[in-house]
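First the structure, in the form of structure tokens, and then the observations on it.
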Amino acid sequence: MKKMLVALSICVGLLTGCTGGSDSDYIETVKQLSFDNGVIVENIVREKLTGAEFQGLNGDKVRIDKGLAVFDGTGAYIFLLKGMEGKIQELASNASVVPVVIGSNDIKWEVEGETKKGKIIKAKTEKAVVKISTEQDGDYIKLYSDSIKTFNGKTGKAISDKELKNYNQLNNMLMAE
981 MKKMLVALSI CVGLLTGCTG GSDSDYIETV KQLSFDNGVI VENIVREKLT
1031 GAEFQGLNGD KVRIDKGLAV FDGTGAYIFL LKGMEGKIQE LASNASVVPV
1081 VIGSNDIKWE VEGETKKGKI IKAKTEKAVV KISTEQDGDY IKLYSDSIKT
1131 FNGKTGKAIS DKELKNYNQL NNMLMAE
């Protein structure tokens, strides 16, 4: 998904209210845009927020470093290599690591501001923020995959997609146990 994908959605006044419509109509339209792989923006944002929330909630107890999950439950670090997924629940429990589940109602969506060509949409939870830069071109909204950025909600520090993928993978392993 690193290559630039463009999702276009026609905003027909009566159907979506995007042209001259409210911010909430604009947000609802953006949430339903999909990329070439069929995944809609709302699901991408939920996944990014889940990884960032997991990091924010458990960042002092677990970190991901070069394919290793590092737990600190008793002052000693335990390294969990891939292939040891069966022990992850025990290690996470010892370190008081909590899995994260984010539902649609847990995300607050708003228009953060306007640019010359579009709007910045912000989706946030308690510990995470995702910003989406959109471009409006007449009745169309352009959205590129690299225009969806994730930040720590407390520090404002950007979180890379690689970090988010790792934290989501660890969170999913904890949920599956």
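Residues are numbered in our numbering as their position in the sequence shown, beginning at 1, plus a constant of 980. From the three backbone atoms N, C-alpha and C, an ideal C-beta is built for every residue, glycine too. The structure presented is a predicted model; accordingly, all values stated were derived computationally and were not measured.
{"Item": "Spatially closest choice to Y1124 from T1030, Q1149, G1098, F1131, by CA coordinates", "Value": "G1098"}
{"Item": "G1036, buried or exposed, once every other Cβ within 10 Å from all chains shown has been counted against 16", "Value": "buried"}
{"Item": "Span separating the alpha-carbon of G1093 from that of F1131", "Value": "17 Å"}
{"Item": "Where V1042 falls, given that 16 or more other Cβ within 10 Å makes a residue buried", "Value": "buried"}
{"Item": "F1034 - DSSP class collapsed to helix/strand/coil", "Value": "helix"}
{"Item": "Span of the alpha helix (DSSP H) around I1007", "Value": "1003–1012"}
{"Item": "Beta-carbon proximity list for N1151, same chain, < 8 Å, skipping 5 on both sides", "Value": "T1030, G1031, F1034, P1079, V1080"}
{"Item": "Environment of N1023 [buried if 16+ CB atoms lie within 10 Å]", "Value": "exposed"}
{"Item": "Neighbour flag for G1001 against chain C, beta carbons, 8 Å", "Value": "The question asks about chain C, but that chain is absent: this structure has only one protein chain."}
{"Item": "Backbone CA spacing between I1007 and I1112 [nearest angstrom]", "Value": "10 Å"}
{"Item": "Cβ-Cβ distance between N1146 and E1027 below 8 Å", "Value": "no"}
{"Item": "Test item: CB-CB of A1103 and I1121 under 8 Å", "Value": "no"}
{"Item": "Spatial neighbours of E1115 in its chain, beta-carbon cut-off 6 Å, leaving aside the 5 residues before and after", "Value": "K1097, G1098, K1122"}
{"Item": "DSSP three-state assignment for D957, whether helix, strand or coil", "Value": "Here the chain has residues from 981 to 1157 only, and residue 957 is not among them."}
{"Item": "Contact under 8 Å by Cβ, V1110 with D1003", "Value": "no"}
{"Item": "Bridge partner(s) assigned by DSSP for G1093", "Value": "I1100"}
{"Item": "For K1137, three-class secondary structure by DSSP", "Value": "coil"}
{"Item": "Burial state of T1095, where buried means 16 or more other Cβ atoms lie within 10 Å", "Value": "exposed"}
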